[in-house]
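Below: the structure, in structure tokens.
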Amino acid sequence: MHEFRTHTCGELRKSDVGITARLSGWIHSVRDHGGIIFIDLRDHYGKTQVVIDPTKDFYQELERWRVETVVCFTGKVVARTPETVNPKIATGEIELVADEMTVLGETEQLPFLVAKDEDAPEALRLKYRFLDLRRDELHNHIVMRAKLIEALRRKMWDLGFTEYQTPILTSSSPEGARDYLVPSRVHPGKFYALPQAPQQFKQLLMVAGFDRYFQIAPCFRDEDARADRSPGEFYQLDIEMSYATQDDIFAILEDLLTDIFPKFTSKQISPAPFPRIPFRESMERFGTDKPDLRNPLEMIDVTDIFKDSGFQAFSKTVAAGGVVKAIKVSGIAKADNPQPRRFYDEMIAFAQECGAKGMAYIIWSAGETKSPIVKFLTGNELPSLAEKAGIQDGDVLFFLADKRALVNSVGGKVIGELGRRLGLIDPNVFKFCWIVDFPMFETDEETGALIFCHNPFSMPQGGMKAVETQNPLDIVAYQYDIVCNGIELSSGAIRNHQPELMYKLFEMCGYSREVVDDKFGGMIRAFKLGAPPHGGIAPGVDRMAMLLADAPNIREVIAFPFNQQAEDLMMNAPAAVDMKQLRELRVIPVPQELKYEETFKKLLAEAERIRAAEAAAAAMNASAAPEQN
RNA sequence: GGGGGCGUAGCUCAACUGGUUAGAGUGCCACCCUGUCACGGUGGAUGUUGCGGGUUCGAAUCCCGUCGCUCUCGCCA
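Below you can see the structure in the form of structure tokens.
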């Protein structure tokens, strides 16, 4: 008989009754009746009830029947009587009557219980992550994630893609997020960078003729955390394809997502093709570039209606170049169940917290309009609004008036808040959309200079001709995001593979040819030696897993995540290292309490002093012993 | 770097406007119990109220500082 087990804890069935089996696992729970003891033995596969007669010799061996002890039981598989069958577990029709027991791993008192889902503080859960991972919910999340990755790989191969690996130690690139740097021992003072994404490598693979690339790629960005953004490292399903148009890439992703998502969720998936919303339209309608399409609310531009209105708060805003936008909420003012006055007050307070000066509203109810502003609307405003918004009885319009950017930003937040408060967001669907036509450039708010809006390697729509003839701020790129339920799953682009066009775009942002050659030399050289048109996308694996697991934050789908401060509380990373290691790398840590600039100058001065002393000593030696030569 | 929230027993939480010995559930320890499956019962131990300072006759409670966790803005091509 195998030393540890003949079956797993989820395996035995009625058909196994009569055999002798050996099971190993954790003590999940103990029910000690004095004359008989029941133990639920748990492993990765399930739970099995073990029955113990306390008169057996082995009973004395285990001092405490403490949960989470790892034990091995050998005994006979016995059918349970009908009234003692437990339908809640797969092995509930049988139980193991123990003849022998071996303790394989004892436990001290647990920092939190595995068998109960009580909320332990996250710091504790992260420190004892291996315990937390034993718990059903997290355990299942990690298994689901593994299966998701397997399914993604399989689908990508089915679609004709091949997985290629790319370096983890590479060079720092000037654009984008903060890099994680690794000091070079061989080249003191120089650094590798961990890749923020295999962006340049995958493009070079296209130039190298591999045609269809994918990789479950680790990406490293030294940026602060969010609920849907783990600091440090994360994974992307990185995709790149040659001779591809934007439509080709969309078709691949729509195929992938509508195939994969239903395998892991019972929620309804929006059918392909997914809606395509130009970036500017999304900002105007939803106030964000990642709209949650489950929320039916959106902004309507009603600036025209208020241009000459007697309500001066609005008409003056319009005169000053601002806009007035309305958000229609249907049916919340019906006579049988109207929202109370307090609801409107709270929404106005919310809008003000978001930066609005105020928020007006009009209620259409029982043939009348109720509103603090309606007495100022002496012109044709009310019927115009009703017509433009398609108002029916019980509907409400909320109004925001200010500069366009502010109205959009506040409006987006108000839409989200209204959706949440009124329960308008269906939790049982996944709604995808594409955000397309991102601007190539924007202006730096501080300097007013032209900067890249997204990815400097994206192809501007219209190519060189557009770049030469259009206002730079009007140029849009073949640059797109895919958004699911308000979460950005991925960015992608058709790449700019034309060196001259790339030089031109960088020049517009103030980078000379030399700088481009220096920073992106590998890629520019490649593009000068026969580059196919290509493009790609890179959906976030962690975010997909998070959506599918319905997890409140991304740490719930990562086995060993960092906390918000980018620390691994279990492994104690980051950590100080030996002086020997630092010496090899020529790295001197400067304690945080010391002022960096001053310390740096002192160190430089000290280095200079040592160098001068050594040079002086060498000169002395040379003059003292000239006869040696 | 900025803003919000939280911090009381191993864990989850309570403790009124500042007022007696800081409580409950769970876990832990001991004992009882032959059909439970979150078993049940009896008893017991467990606290620098995150830390430091202040106000007060008196502080878990109020004030200041600090640390930790979390959400968020900046940031994330």
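Numbering (this note's numbering), first residue to last: 15 to 643. All residues carry an ideal CB built from backbone N, CA and C; glycine is no exception.
Quick one: grab the DSSP three-state call for residue i.
i, result
"Ser637", "helix"
"Gln493", "strand"
"Gly426", "helix"
"Cys248", "Residue 248 is actually Phe in this sequence, not Cys. Looking at Phe248 - three-state DSSP - the assignment turns out to be strand."
"Ile602", "coil"
"Ala333", "helix"
"Thr613", "helix"
"Met478", "helix"
"Tyr414", "One detail in the question is off: residue 414 reads as Leu in this sequence, not Tyr. DSSP places Leu414 in strand when its eight states are reduced to three."
"Thr272", "helix"
"Ala61", "First, the amino acid is wrong: residue 61 is Lys here, not Ala. Correct three-state label for Lys61: strand."
"Asp350", "coil"
"Leu218", "helix"
"Ser385", "coil"
"Gly39", "strand"
"Ser256", "strand"
"Gln642", "Its pLDDT being 46, under 50, Gln642 is placed unreliably by the model, and the measurement read from it follows with that caveat. Note: Gln642 maps to helix in three-state DSSP."
"Gln512", "coil"
"Val443", "strand"
Look at the alpha carbon of residue i and the alpha carbon of residue j, and state the distance between them as a whole number of angstroms.
i, j, result
"Ile108", "Arg94", "5 Å"
"Asp315", "Ala327", "16 Å"
"Pro352", "Leu411", "14 Å"
"Ala573", "Gln210", "21 Å"
"Ala565", "Lys384", "41 Å"
"Ile163", "Leu271", "13 Å"
"Leu487", "Val604", "43 Å"
"Ile576", "Ala374", "The sequence given here has Phe at residue 576, not Ile. Looking at the two C-alpha atoms, the distance is approximately 44 Å."
"Lys615", "Ile624", "14 Å"
"Gln512", "Ala545", "8 Å"
"Arg600", "Pro202", "6 Å"
"Lys90", "Arg80", "23 Å"
"Ala334", "Arg418", "11 Å"
"Leu219", "Pro474", "22 Å"
"Asp113", "Asp71", "9 Å"
"Lys161", "Arg45", "35 Å"
"Glu641", "Ala626", "Caution applies to Glu641, whose pLDDT of 49 falls short of 50 and renders its modelled position unreliable; the value that the coordinates give is listed next. Going by the C-alpha atoms only, they are around 25 Å apart."
"Ile182", "Arg192", "16 Å"
"Ile387", "Asn586", "59 Å"
"Pro397", "Gln406", "12 Å"
"Ile377", "Tyr358", "10 Å"
"Asp252", "Asn469", "15 Å"
With the cut-off set at 8 Å, would you say residue i and residue j are in Cβ contact?
i, j, result
"Asp644", "Ser38", "It is not possible to answer for residue 644, since the shown part of the chain is limited to 15 through 643."
"Asn499", "Gly301", "no"
"Leu432", "Leu311", "yes"
"Thr331", "Ala403", "no"
"Gly119", "Thr69", "no"
"Lys216", "Thr180", "yes"
"Gly536", "Ala463", "no"
"Gln282", "Asn442", "yes"
"Ala491", "Gly408", "no"
"Val117", "Val85", "yes"
"Lys304", "Val497", "yes"
"Leu562", "Phe288", "no"
"Ser323", "Leu391", "yes"
"Phe264", "Glu247", "no"
"Ala559", "Met158", "yes"
"Gln578", "Ala134", "no"
"Arg36", "His16", "yes"
Whole-angstrom Cβ separation of residue i and residue j, contact assumed at under 8 Å?
i, j, result
"Ile362", "Gly372", "6 Å"
"Gln229", "Tyr178", "6 Å"
"Gly60", "Thr20", "Not confirmed; about 15 Å, so no contact."
"Ile656", "Ala241", "Shown here, the chain extends from 15 to 643; a query on residue 656 therefore has no answer."
"Glu395", "Ile319", "6 Å"
"Val529", "Phe413", "Val529 to Phe413, Cβ: 48 Å. No contact."
"Gln250", "Tyr494", "Actually they are not in contact, since the Cβ atoms of Gln250 and Tyr494 sit about 15 Å apart, beyond 8 Å."
For the ligand ZN, I want to know if residue i counts as a neighbour, meaning its beta carbon is within less than 7 Å of at least one of the ligand's heavy atoms.
i, result
"Leu127", "The ligand ZN is not part of the structure shown, which contains no ligands of any sort."
Problem set entry | Touch test, the region 178 to 198 against the region 503 to 522, Cβ-Cβ under 8 Å, three pairs minimum | no
Problem set entry | Inter-stretch contact at 8 Å, needing at least 3 Cβ pairs: the region 287 to 306 / the region 446 to 459 | yes
Exercise. Can at least three beta-carbon pairs, one atom from the region 255 to 264 and one from the region 543 to 562, be found at a separation below 8 Å?
Worked result: yes
For this session: Inspect the CB distances between the region 530 to 540 and the region 129 to 140 and report whether three or more fall short of 8 Å.
Result: no
Exercise. Three or more C-beta pairs closer than 8 Å, one from the region 427 to 445 and one from the region 331 to 348: is that the case here?
Worked result: yes
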